[in-house]
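Protein chains in written order, with numbering that gives the first Met the number 0: chain A, 0 to 353; chain B, 0 to 97. For reference, the structure is listed below as structure tokens.
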Amino acid sequence: MIYEGFTVTKDFTVEKIYMDEKKTKKQVLDLLEKNDLTLDIGLEDSVGVYDGENLIATGSIKGNTLRCIAIDQDYQGTSVLNLLMDTLVRMQYMRERSHLFVYTKPTAQKSFQFMGFHKIEEVNEKVILMENKMDGIKSYLDRLSKHEVSGDKISAIVMNANPFTNGHLYLIERASKESDHVHVFMVSSDISSFPYSVRKQLITEGTKHIKNITLHEGGDYIISNATFPSYFIKEKSEIVKIHATLDLKIFAKYIGPSLGIHQRYVGEEPYCETTHQYNQVMKMILPQYGIDVKEIARKAIEDGTISASKVRDFIATGNIEKINSFVPEATYTFLASEEGKKIIHKIQKCKKRH
Amino acid sequence: MEIIKTGMAGTMESSDIHVIIEKNEEAGIKIFLNSTVEKQFGEQIEGVILKTLKEMDIINVVVRAMDRGALDCTIRARVQSAVMRSILKENELDWGLL
Numbered sequence: 000m001i002y003e004g005f006t007v008t009k010d011f012t013v014e015k016i017y018m019d020e021k022k023t024k025k026q027v028l029d030l031l032e033k034n035d036l037t038l039d040i041g042l043e044d045s046v047g048v049y050d051g052e053n054l055i056a057t058g059s060i061k062g063n064t065l066r067c068i069a070i071d072q073d074y075q076g077t078s079v080l081n082l083l084m085d086t087l088v089r090m091q092y093m094r095e096r097s098h099l100f101v102y103t104k105p106t107a108q109k110s111f112q113f114m115g116f117h118k119i120e121e122v123n124e125k126v127i128l129m130e131n132k133m134d135g136i137k138s139y140l141d142r143l144s145k146h147e148v149s150g151d152k153i154s155a156i157v158m159n160a161n162p163f164t165n166g167h168l169y170l171i172e173r174a175s176k177e178s179d180h181v182h183v184f185m186v187s188s189d190i191s192s193f194p195y196s197v198r199k200q201l202i203t204e205g206t207k208h209i210k211n212i213t214l215h216e217g218g219d220y221i222i223s224n225a226t227f228p229s230y231f232i233k234e235k236s237e238i239v240k241i242h243a244t245l246d247l248k249i250f251a252k253y254i255g256p257s258l259g260i261h262q263r264y265v266g267e268e269p270y271c272e273t274t275h276q277y278n279q280v281m282k283m284i285l286p287q288y289g290i291d292v293k294e295i296a297r298k299a300i301e302d303g304t305i306s307a308s309k310v311r312d313f314i315a316t317g318n319i320e321k322i323n324s325f326v327p328e329a330t331y332t333f334l335a336s337e338e339g340k341k342i343i344h345k346i347q348k349c350k351k352r353h
Numbered sequence: 000m001e002i003i004k005t006g007m008a009g010t011m012e013s014s015d016i017h018v019i020i021e022k023n024e025e026a027g028i029k030i031f032l033n034s035t036v037e038k039q040f041g042e043q044i045e046g047v048i049l050k051t052l053k054e055m056d057i058i059n060v061v062v063r064a065m066d067r068g069a070l071d072c073t074i075r076a077r078v079q080s081a082v083m084r085s086i087l088k089e090n091e092l093d094w095g096l097l
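Written as structure tokens, this is what we have:
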């Protein structure tokens with residue numbers, strides 16, 4: 000790899016950081032703490048810049064985001080930032096990722112601007128989300144707005160559908176009946192047990208009979224690694240709240256208007272704390288931008304209310320027949336297929352939240 | 000020449016230029032330039048990028064360049080490398096193109 004032991008000047012070296020080395024990890028934690036930052040969970044890869052033995056800068060990557068970037072105060076405003084960013088961008092490039100996001104404090108906005116990043120949105124002076132494409136969100140919105148449908152009641156639903164259940168179908172059908180048109184955004188980050196391609200296929204097949212809907216790829220700006228990283232990992236509730244606010248502000252300010260959305264439908268969330276909190280924040284933020292939130296009670300059947308997490312639980316415990324009454328035919332058929340069996344196997348092997 | 004994948008070359012070090020070459024979904028050449036000397040040399044830098052692309056017969060492309068005061072020869076070399084990578088010719092350089 001390019002960044003390992005890559006000597007730049009005779010003083011600074013860039014090295015890969017392994018967090019399982021206690022001493023190194025402590026150095027990273029100290030440096031982050033001095034900069035009022037904490038170490039994120041589930042980082043993919045981290046590097047450090049050293050002046051001799053001293054760690055003077057650190058940064059990490061996770062998905063298409065750059066994280067936990069900190070520079071020792073004595074070296075701020077020097078070329079160390081260039082060196083660090085250059086290394087991180089290169090690491091991402093090796094993974095074929097060129098559209099990058101950085102999640103940082105508003106005080107660091109200028110530095111990242113200098114490194115070619117552009118502000119997308121900020122949450123009450125706590126975090127700021129930036130991207131390295133000048134036209135990133137704009138071109139996403141331009142593409143979206145081509146699907147604009149005019150009407151008095153245009154609705155939106157965002158779903159992960161991991162996997163697509165009768166509950167999701169119920170929510171879409173309800174919105175479809177009450178609206179002129181419904182835009183369904185499918186969370187496209189591939190972090191859930193069911194990969195995006197499968198989730199998309201099951202939503203598409205399961206909603207074939209509904210005429211007034213458009214399916215959209217959620218992309219980088221809706222519940223993604225960039226806008227809402229804690230959706231995929233259990234995090235402290237304050238962090239979840241900030242992330243949710245960021246995600247919903249982007250939805251309300253940019254995505255909603257580009258499609259002329261009047262209301263967003265969401266299913267009530269009695270089980271998952273993160274999603275519950277997300278819904279609460281949604282009810283606070285969206286109305287400020289003129290978008291109504293319709294929270295719909297979950298569809299109940301004999302065996303209780305329907306949820307994708309229950310379906311995954313049934314899968315994990317091997318009660319596949321039980322799922323039948325919870326999911327549309329397409330989903331059930333898929334689970335019986337070869338590809339479906341592989342996913343079932345994967346879920347049974349490692350039980351995780353999403 | 001058709002861009003196949005995103006190609007990158009250069010660094011963000013002083014006196015260098017970091018160039019990313021991407022497929023353009025629409026027709027034409029689009030350049031996003033960010034430079035420490037944009038006011039003085041912005042047009043000149045874009046000129047060098049355009050000329051290099053033209054020589055390589057690249058018509059539809061998005062160029063994202065972050066310049067840190069690179070000389071024209073550096074700009075040219077970085078654009079060439081990034082393009083070569085984006086057309087998967089990095090290891091079989093087509094010298095006729097350069």
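The C-beta atom is built at its ideal place from N, Cα and C for all residues, glycine as well.
Helix, strand or coil: how does DSSP classify residue i here?
| i | result |
| --- | --- |
| A:E43 | coil |
| A:T6 | Note that A:T6 has pLDDT 46, beneath the 50 cutoff, so the model's placement of it is unreliable and the number below is only indicative. Here A:T6 sits in strand by DSSP. |
| A:K61 | strand |
| A:N211 | coil |
| A:L54 | strand |
| A:H98 | coil |
| A:K345 | helix |
| A:F163 | coil |
| A:K15 | strand |
| B:R84 | helix |
| A:V88 | helix |
| A:H353 | Low local confidence applies: a pLDDT of 49 at A:H353 is under 50, so the model's placement there is unreliable, with the coordinate-based value given in what follows. Coil. |
| A:N278 | helix |
| A:S154 | strand |
| A:S175 | helix |
| B:R63 | strand |
| A:Y288 | helix |
| A:T304 | strand |
Kindly say whether residue i, judged by its beta-carbon, lies nearer than 9 angstroms to any beta-carbon of chain B.
| i | result |
| --- | --- |
| A:G58 | no |
| A:V88 | yes |
| A:G4 | Residue placement at A:G4 is flagged as unreliable, the pLDDT there being 49, under the threshold of 50; a coordinate-derived value is accordingly withheld. |
| A:G62 | no |
| A:G115 | yes |
| A:M84 | yes |
| A:S78 | yes |
| A:N211 | no |
| A:L334 | no |
| A:N159 | no |
| A:N81 | yes |
Measure the Cβ-Cβ separation of residue i and residue j and say whether it is below 9 angstroms.
| i | j | result |
| --- | --- | --- |
| A:T86 | A:V186 | no |
| A:I202 | A:L214 | yes |
| A:T103 | A:I68 | yes |
| A:F116 | A:L80 | no |
| B:V82 | B:I30 | no |
| A:A307 | A:N159 | yes |
| A:A299 | A:G62 | no |
| B:T73 | B:I28 | no |
| B:N59 | B:A26 | yes |
| A:V183 | A:I342 | no |
| A:T310 | A:P162 | Note on residue identity: the sequence assigns Val, not Thr, to residue 310 of chain A. Yes, the Cβ-Cβ distance between A:V310 and A:P162 is below 9 angstroms. |
| B:I44 | B:A69 | yes |
| A:F111 | A:V101 | yes |
| A:R66 | A:V157 | no |
| A:A329 | A:Q287 | no |
| A:S78 | B:S34 | no |
| A:R297 | A:I290 | no |
Please list the partners that residue i has in chain B, where partner means a Cβ-to-Cβ separation under 9 angstroms.
| i | result |
| --- | --- |
| A:D141 | Simply none; closest approach about 10 angstroms. |
Counting only C-beta atoms, is residue i closer than 9 angstroms to chain A at any point?
| i | result |
| --- | --- |
| B:I2 | no |
| B:R63 | yes |
| B:N59 | no |
| B:S13 | yes |
| B:T51 | no |
| B:N33 | yes |
| B:R67 | yes |
| B:Q43 | no |
So with CB distances below 8 angstroms, who are the chain A contacts of residue i?
| i | result |
| --- | --- |
| B:I86 | Under the 8 angstroms cutoff, chain A gives no residues; its nearest Cβ is about 15 angstroms from B:I86. |
| B:E21 | S97 |
Find the residues of chain A that neighbour residue i, judging by a C-beta separation of less than 9 angstroms, and give them in chain order.
| i | result |
| --- | --- |
| B:M7 | V88, R89, Y92 and S97 |
Listing by chain order, which chain A residues have their CB less than 7 angstroms from the CB of residue i?
| i | result |
| --- | --- |
| B:T10 | D85 |
For a contact meaning CB atoms closer than 8 angstroms, what does residue i contact in chain B?
| i | result |
| --- | --- |
| A:K132 | F31 and R63 |
Closest Cβ-Cβ distance between residue i and chain D: below 9 angstroms?
| i | result |
| --- | --- |
| B:V47 | Absent from the structure: chain D. Protein chains present are A and B. |
**OP:** Identify each residue in the region 101-129 of chain A for which the Cβ-Cβ distance to at least one residue of chain B is less than 7 angstroms, and report them in chain order.
**Re:** M114 and G115
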